[in-house]
Amino acid sequence: MLLLPGRDTSIITKESVTGFDPDEPTELERWEEVFLPTVASAFSCGFTNEDKHEDPSVLPNDMLEEFPKSLTVQQVW
């Protein structure tokens, strides 16, 4: 390290320098993996697996592929 010549730099980590823990999810990951699924579940009016009968012809093109795989997409729809 240029600013600490001759000093012990073993305690300097990416987290201590940037303030971010590399093992913690990013804001986007937290939004997509925690917040959005929780909100979709809370406001999906009792959506269950039996409600997966949506006709593909009425789905928007950007949802066609993801709809059968994602519970969150199904709940939001």
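In our numbering, the protein residues as written are 68 to 144. Just so it is clear, CB atoms sit at the ideal spot from N, CA and C, and this is done for glycine as well. Just so we're clear, the structure is a prediction, and the values are computed from it rather than from any experiment.
Anticipated Cβ contact below 8 Å, residue i with residue j, distance rounded
i, j, result
"Ser108", "Gln141", "Contact flag wrong, Cβ pair sits at about 11 Å."
Proximity of residue i and residue j at Cβ, strictly below 7 Å
i, j, result
"Phe134", "Leu126", "yes"
"Thr139", "Pro92", "no"
Rounded C-alpha distance that separates residue i from residue j
i, j, result
"Glu100", "Val106", "11 Å"
"Met130", "Phe110", "19 Å"
"Trp144", "Glu94", "24 Å"
"Ser137", "Trp98", "15 Å"
Enclosing alpha helix (DSSP H) for residue i [first to last residue]
i, result
"Leu126", "Neither: Leu126 is in no alpha helix (DSSP H) and is coded neither H nor E."
"Val106", "103–109"
"Pro97", "Note that residue 97 is Arg in the sequence shown, not Pro. 94–97 is the extent of the alpha helix (DSSP H) around Arg97."
"Thr139", "138–143"
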